[in-house]
Amino acid sequence: MWRHRFQPELQWKSPTSSRTDNNHLFRQGFLQRFQNPTIFLKISCDGDYVLPIVVGKIAIEKLIDAEAEQESEDCPDRFQFVNNLVERLDHEVLMVRITERVVSTYFAKLYLSQPGKSDIIGVDARPSDAINVANRCKAPIYVSKQIVFTDAIRLGYGMGRVHNKKAIYDVLLDSPIDGPDSVAEELSMMHNMHLAIKQERFNDAAIWRDKLENLRKSSHEH
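In this text, residue positions in the sequence shown follow UniProt numbering: the first is 1, and each later residue adds one.
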């Protein structure tokens, strides 16, 4: 969120204001701590956690413009262009994943596939671009659990980082810190299972379902 977009909303409230209003003010104050344009990814878990990613001002403006549908079909921006290009090539954006952080820089990947085929293409991208593409293509965004545990922030009084806290994260597509990346394998199994269901090959779908369950069970045990 670009800090200047919400500055006018900050107003003093009396002590008799509702708790909801106090929480609203608190969160606005939290956002004011970030001096640079920042995107906050809400982590799907049992707590109120966000992952702040510092980006350029244009990335924020493009997100806001997309939500307000302020774009021209005759002259699409680069994110709408990517969406149009993927569709024209008969592909779809399956997901976006924030994969790792090196020093203070995050890295991301776009995962593409073609309907009816099991091949999955991974494309490296800047998080700001990947998030905008996901927004335009209505694709889910996943975050590496290691990044969540080290960098996510809990919204609440006495805010802190996530590490040393036990939380249940609804992030199924993830990879271990070390070793081979299992995301593509799991994503491929999901894709093949859904494809088999769509083509009414239910025996094949059941086989892929069992393989997927075994893979997830194995990853949870480790």
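Just so you know, even glycine gets a beta-carbon here, dropped at the ideal spot from N, CA and C.
- Judged by beta-carbon spacing, Ile121 lies within the 8 Å limit of Leu112, meaning their Cβ atoms are closer than that value.
- Cβ neighbours of Lys211 within its own chain (closer than 7 Å, five residues either side excluded): Met189.
- For Glu87, there is no enclosing beta strand (DSSP E); the residue is found in the alpha helix (DSSP H) stretching over Arg78 to Arg88.
- The alpha-carbon of Glu92 is positioned some 31 Å away from that of Asp48.
- Ile141 has its alpha-carbon roughly 15 Å from the corresponding atom of Glu186.
- In this structure, Arg201 keeps its C-beta atom at 8 Å or more from the C-beta atom of Ile147.
- Inter-residue distance for Glu87 and Asp151 is about 34 Å (C-alpha atoms, whole angstroms).
- If you look at Val133, you'll find it in the alpha helix (DSSP H) that goes Pro127 to Cys137.
- Distance from the CA of Arg78 to the CA of Asn192, rounded to the nearest whole angstrom, comes to 31 Å.
- A Cβ-Cβ separation of about 16 Å leaves Leu85 out of contact with Val96 under the 8 Å criterion.
- Boundaries of the alpha helix (DSSP H) around Val148: Lys145 to Asp151.
- Assigned with DSSP and collapsed to three states, Asp210 falls in helix.
- Lys138 and Asp204 have their C-alpha atoms some 28 Å from each other.
- Rounded to the nearest whole angstrom, the C-alpha separation of Gly56 and Phe149 is 25 Å.
- Straight-line measurement puts the Cα of Ile64 at about 15 Å from the Cα of Ala130.
- Here DSSP, grouped into helix, strand and coil, assigns Asp48 to coil.
- The Cβ atoms of Ile58 and Ile39 lie no closer than 8 Å to each other.
- The three-state reading of DSSP puts Lys217 in helix, counting H, G and I together.
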